[in-house]
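J.:
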Amino acid sequence: MVKVLFVCLGNICRSPTAEGVFRFHANNAGIKDGFTQNMYIDSAGTAGFHMAAPPDKRAQLTALKFGVDIGELQARKVAPQDYNDFDYILAMDEDNMSKMLQNCPTEHQHKIHLFMTFSETSPGITEVPDPYYGDKEDFDKAYDFIDRAAQGFLKHLQKNHSL
Ligand code: 4NP
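Here our numbering is used: the first residue of the sequence shown is 2, the next is one more, and so on.
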């Protein structure tokens with residue numbers, strides 16, 4: 002079982018999109034996810050501003066254009082137990098990453114990565130820019146970055162774990 006947690010600030014724009022897009026690609030590759038499967042996928046925010054809220058409508062509509070439905074997801078905050086429970090903790094930007102490194106016990110810090118470093122098709126891009134205060138184009142751009150990193154990360158898992 003490989004457990005993957007996607008993390009942004011509010012858990013209503015980027016990380017639920019990453020959760021949905023990655024699940025979409027993994028399921029299309031024949032990898033099922035859930036508590037009783039080979040993979041478990043979740044997302045959370047470093048802040049708790051929007052606890053239990055569904056993803057931002059703009060993120061939902063952007064994902065739906067690509068057949069990815071994230072409407073049922075609910076925001077939550079990263080919990081101390083997550084550092085123990087998950088194998089990969091993927092930060093959308095440097096802020097999310099450094100906040101987690103401040104809270105994560107040393108023995109689990111190797112699990113925390115910048116999500117974009119898994120993309121094979123966006124050289125030089127290390128962060129998914131926060132689209133929350135932006136417009137539709139910003140959501141489209143964030144989706145495109147997330148999709149590239151999700152595909153690269155899936156390849157990484159297929160190569161390094163028997164999935
Ligand atoms: P996210 O975007 O981190 O991609 O979910 C944000 C959502 C909410 C806020 C900031 C960023 N906020 O300030 O409420």
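The beta-carbon is built from N, C-alpha and C at its ideal position, and this holds for glycine as well.
Considering just the uninterrupted stretch of the beta strand (DSSP E) at A64, what are its terminal residues?
T.: Not the beta strand (DSSP E): A64 falls in the alpha helix (DSSP H), residues 58-65.
J.: Determine whether the beta carbon atoms of D57 and Y144 lie at a separation below 9 Å.
T.: Cβ distance not < 9 Å, so D57 and Y144 don't count as in contact.
J.: Starting from the N-terminal side, write out each stretch of the beta strand (DSSP E) that is 3 residues or longer and does not extend beyond the region 63-112.
T.: DSSP runs (the beta strand (DSSP E)) wholly in the region 63-112: 89-92.
J.: Should the region 146-155 be called in touch with the region 112-125, which here means at least 3 C-beta pairs below 8 Å?
T.: They touch, by the three-pair rule.
J.: Measure the C-alpha to C-alpha separation of G72 and I147 and round it to an integer number of angstroms.
T.: If I take the Cα positions, the gap works out to 17 Å.
J.: Are the CB atoms of D94 and E128 nearer to each other than 9 Å?
T.: A contact, by the Cβ cut-off of 9 Å.
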